[in-house]
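K.L.:
For the sequence shown, my numbering begins at 3 and goes up steadily by one. Don't be surprised by glycine CBs; every beta carbon is placed ideally from N, CA and C. Sharing a structure with you now.
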Amino acid sequence: MRGRDVMKSKKELYPVSDTAALVMLWASEYYRTKPLTRAYVNGLDLSSGEELLRCYDRICPWYHEVIINRKHFISQTVQALTVKDDSPVTIVNLGAGFSPLALEMVPLLSDTRRVIEIDLAGMRRKHELYEELVPEQSGWISCIEADITEPGALMDALLPEQDGTGLPRLIVVMEGLTYYIRRSGMEQILDTLSSLSLSQSIVFEHLKPCRLISDERRFIPYEIFSHVRDHIAYDQMTTYSRDEIPAMLSPAFTCRYYDMSDMERQRIGGTRYFPTADSGWLSCAVAERGALSKPV
Ligand SMILES: C[S@@+](CC[C@H](N)C(=O)[O-])C[C@H]1O[C@@H](n2cnc3c(N)ncnc32)[C@H](O)[C@@H]1O
Numbered sequence: 003m004r005g006r007d008v009m010k011s012k013k014e015l016y017p018v019s020d021t022a023a024l025v026m027l028w029a030s031e032y033y034r035t036k037p038l039t040r041a042y043v044n045g046l047d048l049s050s051g052e053e054l055l056r057c058y059d060r061i062c063p064w065y066h067e068v069i070i071n072r073k074h075f076i077s078q079t080v081q082a083l084t085v086k087d088d089s090p091v092t093i094v095n096l097g098a099g100f101s102p103l104a105l106e107m108v109p110l111l112s113d114t115r116r117v118i119e120i121d122l123a124g125m126r127r128k129h130e131l132y133e134e135l136v137p138e139q140s141g142w143i144s145c146i147e148a149d150i151t152e153p154g155a156l157m158d159a160l161l162p163e164q165d166g167t168g169l170p171r172l173i174v175v176m177e178g179l180t181y182y183i184r185r186s187g188m189e190q191i192l193d194t195l196s197s198l199s200l201s202q203s204i205v206f207e208h209l210k211p212c213r214l215i216s217d218e219r220r221f222i223p224y225e226i227f228s229h230v231r232d233h234i235a236y237d238q239m240t241t242y243s244r245d246e247i248p249a250m251l252s253p254a255f256t257c258r259y260y261d262m263s264d265m266e267r268q269r270i271g272g273t274r275y276f277p278t279a280d281s282g283w284l285s286c287a288v289a290e291r292g293a294l295s296k297p298v
C-alpha cells in the first residue's frame, strides 16, 4: 500500500455531514476493496449518515448497488480518458464532496496529470487526509473551496493551472451533483468550462425524469430524492433526459450515453438489478470535444 494507513481513534476521525456520510456508507463496500480508499474511509466518521441509511434501506435495501455501479463506471471512464494519449490533462471533480476519486487516480498522476477537486466546504481537511495517505503524490491534487455556480470563483479555481496557452485537456466529473444545481446554473458552469479549454471531456451523471423510469421502479427515486430534498431544504431536484444534455453543449461535442443497466453490465459482466434501460434512474453522459476526442 502507498502511504500510511490512517489509524485514528474515534475522536480523531473527521466528522462528515449526514448526506455526504450516506453516500460514503453506500459506497463503502467498493472503497474497502482498495487499500488506499479503504485507509481514507477509515479516517472518516460516517456515523451521522447511519440514520438516513436505515431509512433508505427500508425503501430499497440494495440501493448501494446503484452507487457502486456509478462509482465503478466513473472511475473506469476517467482512467480511460486520462491515459488515452500523452497530452497534459487536468481532472476536475466538481462537487467532489468526500469522494476519494483522486486517490483512485494516484497511479496515473504526474506533473502533467493533475486533479482539482472543488466543493463548497471541507476541502482543506480532505487535502490533509491525502497528504497523510500519499505524501509524494498529494502535490498533484488540489482541493479547493468554491461555489461552482459563480463563474468568477470557478475560473479562479481553475486558472492557476493555466500555462499561458490555455488550460491543458480537461476531464470534468460531475457525480452526484447535477440534481442540486439549477438548469440555468448548469448552463453557466458549462459555458465557463467551455471558455477555458478547447479539448475537454465531461462525465455528466444525472437523475432521469420520472416518466423515463419504469412503473415498478419509479417509487424508489421518488421516495428517496423527495426525502433528501426536504432534508436539505431544497425546493426541487433537477432532472435531465438523454437529449437535453447535448442540447446544453456546443455542437462540437460528441456524446455517449450510459444507463444504469450499462454501468451494471460494465461492472459485473451481466445484469442483476437493472435488466432494462428504464429500470434505472441515474444515468451518465460522456461528452467529448477537441482534436483528441477519439472515443475511449
Ligand atoms: C451528493 S454530494 C456528491 C459528492 C461526490 N461527488 C460523490 O458523488 O460522492 C454533492 C456535493 O455537491 C456539492 N455542491 C453542491 N452545490 C455546489 C456548488 N454550488 N459548488 C460546489 N459544490 C457544490 C455539495 O457540497 C456536495 O458535497
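Just the C-alpha distance for N71 and G178, rounded to the nearest angstrom, thanks.
P.N.:
Straight-line Cα distance between these residues: approximately 13 angstroms.
K.L.:
Quick check on F276: does DSSP put it in helix, strand or coil?
P.N.:
Coil, per DSSP.
K.L.:
Would the C-beta of S30 count as close to ligand 1, meaning under 7 angstroms from any of its heavy atoms?
P.N.:
No, since every heavy atom of ligand 1 falls outside the 7 angstroms radius drawn around the Cβ of S30.
K.L.:
With 16 as the cutoff for other CB atoms within 10 Å, does S228 come out buried or exposed?
P.N.:
With fewer than 16 other Cβ atoms within 10 Å, it is exposed.
K.L.:
Quickly, what does DSSP pair H208 with across the bridge? List them, please.
P.N.:
DSSP output for H208 lists S285 as bridge partner(s).
K.L.:
For R115, does the count of other Cβ atoms within 10 angstroms reach 16, so buried, or fall short, so exposed?
P.N.:
When all chains shown are included, R115 counts as buried.
K.L.:
Residues in the same chain with beta-carbon distance under 6 angstroms from G5, minus the five sequence neighbours each way, listed in chain order, please.
P.N.:
In this prediction, G5 scores a pLDDT of 43, lower than 50, which makes its location untrustworthy; the coordinate-derived value is nonetheless stated afterwards. So the qualifying residues of the chain are L135 and V136.
K.L.:
Residues bridged to Q202 by DSSP?
P.N.:
The partner list for Q202 (beta bridge, DSSP) reads L172 and R291.
K.L.:
From L83, G282, T84 and T35, pick the residue whose C-alpha is nearest to that of L214; which is it?
P.N.:
When only C-alpha atoms are compared, the closest one is G282.
K.L.:
Smallest Cα separation from I93: which of T278, T240, A159 and Q268?
P.N.:
Closest option to I93, Cα to Cα, is A159.
K.L.:
Do Q190 and T240 have their C-beta atoms within less than 8 angstroms of each other?
P.N.:
It is not a contact, given that the beta carbons lie outside the stated cut-off.
K.L.:
Please report the residue range of the beta strand (DSSP E) in which R258 lies.
P.N.:
Note, R258: beta strand (DSSP E), T256 to Y260.
K.L.:
Am I right that C62 and I222 are in contact with their C-beta atoms under 8 angstroms? What's the rounded C-beta distance?
P.N.:
Yes, C62 and I222 are in contact; Cβ-Cβ is about 5 angstroms, under 8 angstroms.
K.L.:
Going by C-alpha distance, which of W28, N95, F100 and A104 is nearest E67?
P.N.:
Minimum Cα distance to E67 is reached at W28.
K.L.:
Which class does R184 belong to by DSSP, given the choice of helix, strand or coil?
P.N.:
Looking at R184 - three-state DSSP - the assignment turns out to be coil, as it is neither helix nor strand.
K.L.:
Under a Cβ-count criterion, where at least 16 other Cβ atoms within 10 Å of its own Cβ denotes burial, should L122 be classed as buried or exposed?
P.N.:
Flag for L122 reads exposed.
K.L.:
With C-beta atoms as the reference, is L96 less than 8 angstroms away from V174?
P.N.:
In contact: L96 and V174 (Cβ atoms closer than 8 angstroms).
K.L.:
Whose CA, out of D20, S77, A41 and A82, lies closest to the CA of E53?
P.N.:
Minimum Cα distance to E53 is reached at D20.
K.L.:
Which residue comes first and which comes last in the alpha helix (DSSP H) that contains S30?
P.N.:
Note, S30: alpha helix (DSSP H), S30 to Y33.
K.L.:
Can you list, in chain order, the residues of its chain whose CB lies under 6 angstroms from that of A279, leaving out five sequence neighbours each side?
P.N.:
Excluding residues within five positions, the ones whose Cβ falls inside 6 angstroms are D261 and S263.
K.L.:
Once you ignore the five residues that flank L48 on each side, which residues in its own chain have a CB closer than 7 angstroms to its CB?
P.N.:
Here the set comprises V18, A23, M26 and L27.
K.L.:
Going by C-alpha to C-alpha distance, which of A98, R127 and G124 sits closest to V301?
P.N.:
The displayed coordinates of the chain run from 3 to 298. Any statement about residue 301 would go beyond what the structure contains.
K.L.:
Please look up how many angstroms separate the CB atoms of E290 and F255, rounded, as I've assumed it's under 8 angstroms.
P.N.:
Sure, about 6 angstroms apart at Cβ, within 8 angstroms.
K.L.:
Bridge partners for S112 per DSSP, in chain order?
P.N.:
R115.
K.L.:
Give me the Cα-Cα distance between Y224 and C212, rounded to the nearest whole angstrom.
P.N.:
When rounded, the distance between both Cα atoms is 8 angstroms.
K.L.:
Between F100 and L46, how many whole angstroms is the CB-CB distance? I'm expecting something under 8 angstroms.
P.N.:
Right, the Cβ-Cβ distance comes to about 7 angstroms (below 8 angstroms), so this counts as a contact.
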